[in-house]
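Engineer: Below: one structure in structure tokens.
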Amino acid sequence: VKDKRIDGISDLRDESDRDGMRIYIEIKRDFNPHKVLNNLFKHTPMQLAFNMNMLALVDGQPQTLPLRSVLVHYLDHRREIVRRRTEFDLGKAQARAHILEGLKIALDHLDAVIKTIRESADVDVARTNLMTRFDLSEVQAQAILDMRLARLAALERKKIEDEYLSVIQLIAELEDILANPARVMGIIRDELIELKRKYAGERRTRVQDDASREMTDEDLIADEDVVVTISGRGYIKRQPVDTYRRQHRGGKGIIGHVTREEDAVEHLLVANTHDWALFFTNRGRVFSAKVHAVPDASRQAKGIPIINLPGVQVESGEVPMATITLKDFTPGSYLVLATRKGIIKKTPLEQFERVRSSGIRAITIADGDELVWVDVSTGEDDVIIATSQGKIARFHESDVRAMGRDAAGVIGIRLAREGDYVVGMSVVQPDADILVLTETGYGKRVPLAEFRAMHRGPQGVRLISLEGRKTGNVAAVQQVTEEDEELLLISAGGQVVRTDVKTINRQHAQARGVITMRLNEGDRVVGIAAFRAGLADRDGMGDDGAPEAGGPGQAGPNGGA
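Here it is as structure tokens:
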């Protein structure tokens with residue numbers, strides 16, 4: 007700090023005492039404490055990484071082993087321990103059963119046994135006579151001679167018989183364990199779980215693939231979830247999710263984005279600062295940037311022009327129409343794209359991994375159409391498309407063959423009414439609901455199971471009952487899978503409401519929904535985004551909190567789908 011290698015620290019105090027070591031670090035105003043902490047990790051001994059060689063004796067020979075081999079040899083060792091322990095217990099049980107068999111013979115021939123013992127000259131002769139007359143082993147004969155007279159009572163005789171049956175069952179159990187490798191593994195598993203229950207503590211070190219890796223600039227950026235908003239004229243900014251306090255359904259919210267005349271908010275999504283963001287424009291091109299490259303701004307700020315982001319060199323008249331965030335570009339996945347007029351296509355995701363700063367083509371757009379929605383699929387999913395006039399279509403993505411980036415796509419849904427257009431497209435998740443929101447703030451949840459899959463290109467079925475000016479058209483749809491998810495609703499005037507999914511009722515497709523957001527006169531709903539809050543933020547409606555890092559976030563011109 008004194009050498010100015012680390013900036014952002016205004017004061018250091020050593021507060022160590024006999025109770026332990028402690029240093030107090032005071033951060034300068036407007037500096038990110040996470041970035042300061044990561045700089046301390048990088049430039050000081052505050053965090054140390056060390057390598058470890060796992061040297062072990064294998065069949066008596068020292069070997070340096072990788073982690074998997076260590077675990078395999080440990081399991082082999084545990085199998086041997088269980089086998090030897092079981093064999094030991096089996097030997098003891100068999101020896102006890104042998105003695106109990108002799109005692110049962112003696113009890114069954116009690117008078118003859120007593121007579122034989124009384125007629126014998128000494129103990130050795132008695133033992134020999136018992137072995138000869140009753141076909142007993144030496145151990146059994148000695149056990150009979152050692153038996154106290156009290157064991158001859160009827161109750162004691164019953165105890166011997168019960169013990170014999172119990173030992174026989176134990177022998178069968180132990181023999182089954184030795185004969186069944188799956189049972190041996192089950193015992194090992196149960197013992198490890200019990201060890202974990204009794205002794206496990208929180209890990210104090212972190213295992214890294216490459217401990218010697220140098221920190222990058224991204225390592226110095228806080229890993230946090232943020233809200234990203236983009237206006238119709240291409241102004242972009244981000245804010246922490248906990249900027250917005252949760253409210254009950256029907257709240258008015260707070261200003262989250264100050265809009266200028268004729269420049270309404272068009273995009274809203276929740277993402278992680280370390281995610282990739284893909285921006286798809288009205289001309290069918292795509293640009294990429296890291297979410298942390300989007301400037302952090304206050305609720306009152308309008309943000310910066312998106313062209314100022316590194317790697318986003320849009321042309322004049324070119325504006326973002328759809329945005330999606332990704333952790334990585336997983337091979338075998340697909341990007342599914344939909345246009346305002348219902349055209350759909352899918353392209354392998356890896357084709358978008360390396361995007362030039364000047365952009366690459368994602369889809370060929372017909373005149374008068376626009377790319378508005380993007381999502382990620384596995385190649386084996388169902389897809390839903392919703393329209394502004396309350397229609398929804400569901401079909402399997404196998405109806406849409408994979409195409410190259412220059413392809414134009416095929417019909418996903420037919421728009422039967424003049425003025426209708428697509429407001430949402432999403433890849434269906436198991437047991438999900440579709441949350442639909444109208445321009446005037448009416449909303450509801452409908453289980454996606456209510457909509458059966460059709461062939462690609464239908465006119466769709468009813469999703470919501472619209473009532474003219476009272477409800478307006480459908481503004482946005484959002485797929486939700488868990489009731490502990492949260493929602494951010496945003497209006498064209500920049501009003502933002504944060505609420506819980508569970509506050510919005512499930513209703514059938516014929517219902518109009520309930521008021522989810524109260525708007526100022528002349529304002530309208532334009533977007534919605536869903537996220538899952540952290541564990542610390544799940545107790546009350548009035549608390550602030552940050553969401554967990556989730557899956558891909560996506561937004562079209564009306565928010566998230």
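First residue of the sequence shown: 7, per the working numbering; consecutive thereafter.
Idealized CB from N, CA, C, for every residue including glycine.
Values in this document were obtained by computation on a predicted structure and should not be read as measured data.
With DSSP as the reference, label residue 205 as helix, strand or coil.
Structural biologist: helix
Engineer: What would DSSP say about residue 12, mapped onto helix, strand or coil?
Structural biologist: coil
Engineer: From this set, 273, 275, 302, 327, which residue's C-alpha is nearest residue 291's C-alpha?
Structural biologist: It is 327 whose Cα lies nearest to the Cα of residue 291.
Engineer: In three-state DSSP terms, what is residue 246?
Structural biologist: strand
Engineer: Compute the Euclidean distance between the alpha carbons of residue 576 and residue 209, then round it to the nearest angstrom.
Structural biologist: Nothing in the structure corresponds to residue 576, since the chain is present only between 7 and 567.
Engineer: Apply the 10 Å Cβ neighbour rule to residue 244 and answer buried if 16 or more other Cβ atoms are within range, or exposed otherwise.
Structural biologist: buried
Engineer: Residue 449 lies in the beta strand (DSSP E); which residues open and close that run?
Structural biologist: 448 to 453
Engineer: Just how far apart, CA to CA, sit residue 105 and residue 111?
Structural biologist: Rounded to the nearest whole angstrom, the CA to CA distance from residue 105 to residue 111 is 10 angstroms.
Engineer: Would residue 242 be called buried (16 or more neighbouring beta carbons within 10 Å of its own) or exposed?
Structural biologist: So residue 242 counts as buried.
Engineer: Straight-line CA distance for residue 430 to residue 314?
Structural biologist: 28 angstroms
Engineer: Return the bridge partner residues of residue 537 from the DSSP annotation.
Structural biologist: 492
Engineer: Reducing DSSP to helix, strand and coil, say where residue 297 ends up.
Structural biologist: helix
Engineer: Residues in the same chain with beta-carbon distance under 7 angstroms from residue 426, minus the five sequence neighbours each way, listed in chain order, please.
Structural biologist: The answer, listed in chain order, is 393, 394, 395.
Engineer: Cutting at 8 angstroms between CB atoms, please list the residues of its own chain near residue 417, excluding the five before and the five after it.
Structural biologist: If you ignore the 5 residues before and after residue 417, its C-beta comes within less than 8 angstroms of the C-beta of 348, 349, 350, 462, 463, all in its own chain and listed in chain order.
Engineer: What residues match up with residue 29 in a beta bridge as DSSP calls it?
Structural biologist: 20
Engineer: What does the alpha-carbon distance come out to for the pair residue 31 and residue 13?
Structural biologist: 12 angstroms
Engineer: Got a sec, what are the start and stop residues for the alpha helix (DSSP H) residue 148 sits in?
Structural biologist: 144 to 152
Engineer: To which residues does DSSP link residue 468 through a beta bridge?
Structural biologist: In the DSSP assignment, the residues bridged to residue 468 are 397.
Engineer: State whether the region 378 to 387 contacts the region 441 to 455, with contact taken as three or more CB pairs (one from each stretch) at a distance under 8 angstroms.
Structural biologist: no
Engineer: So the alpha helix (DSSP H) residue 120 belongs to, where does it begin and stop?
Structural biologist: Residue 120 -> alpha helix (DSSP H) spans 116 to 125.
Engineer: Checking the sheet assignment: what are the DSSP bridge partners for residue 363?
Structural biologist: The partner list for residue 363 (beta bridge, DSSP) is empty, contrary to what the question assumes.
Engineer: Quick one: Cα of residue 446 to Cα of residue 246, how far?
Structural biologist: 27 angstroms
Engineer: Am I right that residue 3 and residue 120 are in contact with their C-beta atoms under 8 angstroms? What's the rounded C-beta distance?
Structural biologist: With the chain covering only 7 through 567, there is no way to say anything about residue 3.
Engineer: Hey, out of 390, 360, 346, whose CA is closest to residue 373's CA?
Structural biologist: 346
Engineer: Look up residue 432 in the DSSP assignment and give the residues it is bridged to.
Structural biologist: 390
Engineer: Confirm, please, whether the CB-CB distance from residue 100 to residue 177 is below 8 angstroms.
Structural biologist: yes
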